[in-house]
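S.K.: Residue 5 is where the sequence shown starts when you use this note's numbering, and the numbers rise one by one after that.
Each residue gets a CB set at the ideal place from its N, CA and C atoms; glycine is no exception.
Next up is a structure, given as structure tokens.
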Amino acid sequence: MDPQHEQVLYRGLTEGNADAWRQVYDLYARPIWRVVARLMGADSADVADVVQEAFLAAAGSVRTFDPAKGSLWLWLCGIARRHVALHYRRLGQQSRRLEIIRKMQTTSVNGEIRNRSEQESPPEAALAASELATLVRTTLTELSDEHGALLTARYLDDVSVETIAGVEQSSVAAVRSRLARARQAFRDKFRRLCSGAEDEFLGGVP
């Protein structure tokens, strides 16, 4: 977006101008939807709810937007990513509650403790792949806005380093350097969530 147009929009937002909010929604609703869908999985039934939560949060915190710290797009992306992270935290709490209920529902059959849902468990490989995807998405949501946006563009959207440099009006060398720092931040965060396997996501791509 043209910086002058963004400045006009910013003034309208801070003044509570409804037309400014309509313009922001028209400009960014679809791109923010894509960001959330990439982080949660395009088939997630909760994407619409998280996008709605993100825009409501943006409307309630517009005065926290500082043009000197980045564009309106990066600000909205950061809010969306934080709401994806909140969603996963809620899911984690729900999973722990369900696990307690599952253990309480075990029944004794011929002297053995067996869970009724055992026969419905997914294959081990499919379960592992699903858990890895969830861990990768969770890790991405907890990185800084800059690192999260860079890694998403490079490794999920398969945008070339040269294209990223052109969009950001930066040099290829500078983008590669920032990507290296972003990958290290990802690894550090990922290792706190589990042990190894981060190369399933990064795949050694420069």
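Write down every uninterrupted run of the alpha helix (DSSP H) in the region 39-102 whose length is 4 residues or greater and which is fully enclosed by it, in chain order.
M.R.: Runs of the alpha helix (DSSP H) inside the region 39-102: 51-64.
S.K.: Assign residue 19 to one of three DSSP states: helix, strand, or coil.
M.R.: Correct three-state label for residue 19: coil.
S.K.: I need the straight-line Cα distance from residue 36 to residue 55, nearest angstrom please.
M.R.: Roughly 7 Å separates the two Cα atoms.
S.K.: Can you grab the Cα-Cα spacing for the pair residue 4 / residue 188, in whole Å?
M.R.: Since the first and last residues shown for the chain are 5 and 210, residue 4 lies out of range.
S.K.: Do you know how far the Cα of residue 77 is from the Cα of residue 2?
M.R.: Any answer about residue 2 is impossible in this case: the structure gives the chain only from 5 up to 210.
S.K.: State the start and end residues of the unbroken alpha helix (DSSP H) segment that holds residue 172.
M.R.: It spans 165-172 - the alpha helix (DSSP H) in which residue 172 sits, taken as one unbroken run.
S.K.: In whole angstroms, what is the alpha-carbon distance linking residue 68 and residue 79?
M.R.: For residue 68 and residue 79, the distance between alpha carbons rounds to 9 Å.
S.K.: Less than 8 Å between the beta carbons of residue 156 and residue 190, yes or no?
M.R.: No, the Cβ-Cβ distance between residue 156 and residue 190 is not below 8 Å.
S.K.: If you reduce the DSSP assignment to three classes, tell me which class residue 154 lands in.
M.R.: Residue state, collapsed to three classes: helix.
S.K.: Pick helix, strand or coil for residue 148, following the three-state DSSP scheme.
M.R.: Three-state DSSP puts residue 148 in coil, outside helix and strand.
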